[in-house]
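Structure record follows, encoded as structure tokens.
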Amino acid sequence: MPIASELNVNTSATAMDMADTMFGDGVTVVSASYSGAGGASGTYSGGTGTLGEISPGDEGVILSTGRATDFTNDSGTLNTNTAPNTSTDWGGDGEDDDDDDQYSGGDDQLETISGQQIFDAAILDATFVPEGDTLTMQFVFSSEEYLEYVNSGFNDAVGVWVNGAYVPLELAQGGSTDITIDTINDTSNANLYRDNAGDQFNTEMDGTTVVLSLTAPVNPGEENDIRIAIGDGGDGVYDSNLLIMADSVQTMNIAELDTLAQGPNTTQIHDILANDQGDGHTVTHIDNTAVSPGDTVTLATGEQVTLNADGTIAITTDGDIGTNTFTYSTVDENGTPATGFVTIETTTTPPDFIVEGTGAGEVIDADYTGDPEGDMIDAFDHSDASNDDSVQGGGGDDTILSGAGNDTVDGGAGDDVIDGGTGADTLIGGTGNDSFLIAQGDSAEGGEGDDTFTLAEVEGESGAIDITGGEGDETDGDTLILTPDVGQGDITFTNEDDDAGGLSGNFTLPDGTLVTFSEIENIICFTPGTRILTPRGERPVETLRPGDMVITRDHGPRPVRWVGQRTVPGRGAFAPVRVGPAIFGTGTGGLLVSPQHRLLVTGYHAELLFGCDEVLVAAKHLLGGTDACIAPCKAVTYIHLMFDRHEVIYAEGFATESFFAGDAALSAVDTAAREELFAIFPELRSTASRHRETARPCLRAREATLLRERLAGYAA
């Protein structure tokens, strides 16, 4: 049992003091204001030692409906909860007065949450500029109303609004709740509640939540507003408190929601960190209990959660059917804290260890959540808790990216794009005209239709490659696209008669990998060709090497520092976009680029809309306008040129960007190319997304749509 000791609370802290305390990495505070009684707010310190597991952190901000200093007592005894009705009714006329005892705070927004008239509200408003596009906040809510006044009409509540939009507590995909005594208690979201009727914790409050978190979208690089409020619901007595962790209102480490499906009385491993934003996460707490690898926490609802050494968790369910939520807390490599929610759906139809498409035609990758039983790619959802996934696309034109592990993928019906990623994968196209990206260790069978097989070499992978085109329902036949360093002369044919079952044979890749193929009608060699402007005229991009000079729009001739390339199926999510000169008023003809590649749009339209007469727009955001269309093909090779900084260069007469080493771009190059890039620019390994600035402002999708529509109207 804890010893009653007083939390160090500074009620003289100003609104800016409180804002500076609670805001953390990736946020700049602009201004702050406070509305409430003077004794009802402040900053605190020594929380970890004084409060133990109910503290969201050693330091932070406290907002109270009573006196903030009454959150604890200093008796030095085991009687931490001496007053079962801790209360300060600030009374008064609803206005701030010099006398603390003459303040009464109503709040219409809190009344909407509570469902009751609000008294004694304490409200902190702040204006801030974030770096990221998602804001998170960690906190603990506690109340003297617990548990006797739950669902009795006295519903103390907390509310948070970001840019005027209410931010509920998100518990699972599509599910949320308010933060009140009626919504979080021993029978509602029980894993998030801790009872203090028996002096289990060092606080005068009769009950408290575990550390909770909110997340909300924000607008990076510009001023945003946040309002945080707490109030007594139904009357002005029986206090409640909100403790906000120092540095936890931040945009750099975001713990995303996890919804996990599992059968009763089973144990399954889950990677809850896989979808979190930030780097170097370490799990520190499970449902408010500090943990190290090997520790097991038993939840109030009966499930057991064990932290594994690799950061995954093992969940052992009990025999109950239903949905329960618990929390986990992390710190990233910079020590920035975050808390996330995990929802366990214990069902009589547990996962079948197969990631299934819905039949609508979709991207099935590590972020795909459409499987009926909740199975996901690279989420340790195999029956042996590995990442050797089984994926069934079903109907529709799917793009399947199965990631790590020795996966088995069946595209099913439709024109599918299948990339097995790393590992020795078994890939089956099924019916339709399918496209495969094949690497070492893979075997692929096209099935019916005109299928395309594109070879790729992945560093660190090994094993022979086996390709069978399939012979049913063909028009043009199946096509094998070789790597740049393999030609027709390197192939040993065992059947050269296309009319007798298609071409078959074998060859060896430069790394020694044996490739065997059969039932193939077409073999295509590597043929890139976009012309880049250099001091010596236009040169094919594939002939450029590091050190070659290229003309840049801003800095004249500059040396190429790195060249990378990747060959992928030219369909689905990888299909190139062809843009013509009508949009730009420049260019000698058409230019073929990847969907994410950005081109320079200039002129008064951009100036009127965005205050800048030159902006970069992704090719995919120009679709639907004048002179831009998807140009699907058997395969496409994307070649990347990188300079010391992000540059605007000229390709086929078009002003277009050089390679920008942001997170998304780095994930699009293979492992070998990425390691080569890190060797040249070692700072990219830890700070990829911050590697200098883009050469021009880059429009978001909705901004590009506005510009595209304006350009289309002008052209008309």
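Count the sequence shown with our numbering and you get residues 1 to 716, in order. For glycine and all other residues, C-beta sits at the position ideal for the given N, C-alpha and C. None of the values given here were measured: they were computed from a predicted structure.
Per DSSP, the bridge partner or partners of residue i
{"i": "Y34", "result": "L124"}
{"i": "C629", "result": "R578"}
{"i": "N324", "result": "I344"}
{"i": "Y149", "result": "For Y149, which the question treats as bridged, DSSP gives no partner whatsoever."}
{"i": "H640", "result": "G564"}
{"i": "V162", "result": "A165, I226"}
{"i": "A338", "result": "T330"}
{"i": "D206", "result": "Answer is none; D206 lacks a bridge partner."}
{"i": "L616", "result": "L600, C698"}
{"i": "V391", "result": "V355, V409"}
When the options are compared against residue i, the one with the closest alpha-carbon
{"i": "L721", "options": "T494, E461, P217, N522", "result": "In this structure the chain extends from 1 to 716, so residue 721 is not present and cannot be described."}
{"i": "D199", "options": "S292, A606, P2, R539", "result": "P2"}
{"i": "T112", "options": "A379, D156, G359", "result": "D156"}
{"i": "R553", "options": "L592, F654, A619", "result": "F654"}
{"i": "T266", "options": "G302, I639, A464", "result": "G302"}
{"i": "N73", "options": "V9, D318, G294", "result": "V9"}
{"i": "T705", "options": "N308, T209, L623", "result": "L623"}
{"i": "G207", "options": "P220, S213, N191", "result": "N191"}
{"i": "T21", "options": "I649, T317, D247, H646", "result": "D247"}
{"i": "A444", "options": "P581, E496, E519", "result": "E519"}
{"i": "V150", "options": "G537, G393, S188, G132", "result": "S188"}
Coil, strand or helix - residue i by DSSP
{"i": "Q109", "result": "helix"}
{"i": "D199", "result": "coil"}
{"i": "A300", "result": "coil"}
{"i": "S689", "result": "For S689, the pLDDT reaches just 46, beneath the cut-off of 50, and the residue's location in the model is therefore unreliable, leaving the point undetermined."}
{"i": "V541", "result": "helix"}
{"i": "D17", "result": "helix"}
{"i": "N191", "result": "helix"}
{"i": "F507", "result": "strand"}
{"i": "F23", "result": "strand"}
{"i": "G405", "result": "coil"}
{"i": "D490", "result": "helix"}
{"i": "T251", "result": "coil"}
{"i": "R700", "result": "coil"}
{"i": "I719", "result": "The question about residue 719 has no answer, for the chain in this structure spans 1 to 716."}
{"i": "D96", "result": "Residue placement at D96 is poorly supported in this model, since its pLDDT is 39, which falls under 50; the coordinates are not used for a value here."}
{"i": "Y103", "result": "In this predicted model, Y103 has a pLDDT of only 44, less than 50, meaning its place in the structure is not dependable enough to derive any value."}
{"i": "L212", "result": "strand"}
{"i": "I377", "result": "coil"}
{"i": "H621", "result": "helix"}
{"i": "R531", "result": "strand"}
Beta carbon of residue i nearer than 9 Å to that of residue j
{"i": "D182", "j": "Y193", "result": "no"}
{"i": "S594", "j": "V577", "result": "yes"}
{"i": "P435", "j": "D410", "result": "A small correction: the amino acid at residue 435 is Ser; Pro does not occupy that position in the sequence shown. In this structure, D410 does not lie closer than 9 Å to S435 by Cβ."}
{"i": "T180", "j": "V158", "result": "yes"}
{"i": "G236", "j": "T65", "result": "yes"}
{"i": "A4", "j": "T69", "result": "no"}
{"i": "R561", "j": "E657", "result": "no"}
{"i": "T567", "j": "Y638", "result": "yes"}
{"i": "V61", "j": "P130", "result": "no"}
{"i": "G414", "j": "G370", "result": "no"}
{"i": "N202", "j": "L51", "result": "yes"}
{"i": "L260", "j": "F341", "result": "no"}
{"i": "V601", "j": "L711", "result": "yes"}
{"i": "I317", "j": "T327", "result": "Checking the sequence, you will find Thr at residue 317 rather than Ile. No, they are not a contact pair."}
{"i": "S309", "j": "Q268", "result": "The question names Ser, yet the displayed sequence has Ala at residue 309. It is not a contact, given that the beta carbons lie outside the stated cut-off."}
Spatial neighbours of residue i in its chain, beta-carbon cut-off 8 Å, leaving aside the 5 residues before and after
{"i": "M205", "result": "F71, N81, T86, S142, S143, E144, Y146, N196, D239, S240, N241"}
{"i": "S55", "result": "G47, T48, V140, L243"}
{"i": "D451", "result": "G429, N433, D434, S435, F436, G469, G470, D478, T479"}
Same chain, Cβ closer than 6 Å to residue i, neighbours up to 5 away in sequence not counted
{"i": "P535", "result": "M549, P557"}
{"i": "G472", "result": "E448"}
{"i": "A216", "result": "L135, V162, V167"}
{"i": "T516", "result": "D466, N506"}
{"i": "D419", "result": "L401, L437"}
{"i": "D100", "result": "Note on D100: pLDDT 41, under 50, position unreliable in the model; the coordinate value appears next. Result list for D100: A37, G38, G39, in chain order."}
{"i": "T11", "result": "G39, G42, A68"}
Residues near residue i in its chain [Cβ-Cβ closer than 7 Å; skip 5 each side]
{"i": "N406", "result": "D388, G423, A424, D425"}
{"i": "V331", "result": "T282, T284, P337"}
{"i": "I321", "result": "P264, T346, T347, T348"}
{"i": "D107", "result": "I118, A121, I123, A229, G231"}
{"i": "I630", "result": "A575, V577, L623"}
Proximity test, Cβ basis, 9 Å: residue i and chain D
{"i": "Q109", "result": "In the structure shown, chain D does not exist; there is a single protein chain."}
Residue i: CB within 8 Å of a non-hydrogen atom of the ligand ZN
{"i": "A37", "result": "Inclusion of the ligand ZN in the displayed structure is not the case, the ligand content being empty and no account of it being possible."}
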